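Numbering (the numbering used here), first residue to last: 146 to 297.
What follows is a set of notes on a single structure, which appears directly below.
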């Protein structure tokens, strides 16, 4: 191998090494962006989980309003605040698990806290929702707590 061929080989080796380094750097940038997104989602979920008792109490208060005061302006204000919170959470990517009576129990998004016999429901159907569940995107922050029918 002459000197010119040797230099050309050295140039090709350096170029290949540079290209590998450039590809490694691009992969590193993508990995860092994925980790940042994961950290953001995790922080959002953890923060929201700490606020859940507050949201549960607002929900309980608005769901158990006595009929005679339900049209009072201050009561409507509280109901409106609850709706605003739900809307803001939706904009952050946090949504309620849409559970309702007669839905089939799904262990991925529901937590059965009690089973009950009830002939007006089929086995495995939800009888009652005790507390709402929430998702951060597709990840369950808290499953919906439900009572499930078991007719045995």
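All C-beta atoms in this analysis are idealised placements derived from N, C-alpha and C, irrespective of residue type, glycine included.
A quick note: this is a predicted structure, and the numbers were derived from the prediction, not measured.
Query: Near residue 282, which residues of its chain fall below 6 Å by C-beta distance, leaving aside the five closest residues on each side in sequence?; Result: 238
Query: In the DSSP assignment, find the beta strand (DSSP E) that holds residue 216 and state where it starts and stops.; Result: Here residue 216 belongs to no beta strand (DSSP E), and DSSP marks it neither H nor E.
Query: Return yes when the Cβ of residue 230 is within less than 8 Å of the Cβ of residue 259, no when it is not.; Result: no
Query: Quick check on the DSSP output: the alpha helix (DSSP H) that includes residue 289 runs from which residue to which?; Result: Premise fails: residue 289 lies in the beta strand (DSSP E), 289-294, not in any alpha helix (DSSP H).
Query: Residue 241 bridges to which residues according to DSSP?; Result: 279
Query: Mind checking residue 173: buried by the 16 CB within 10 Å criterion, or exposed?; Result: exposed
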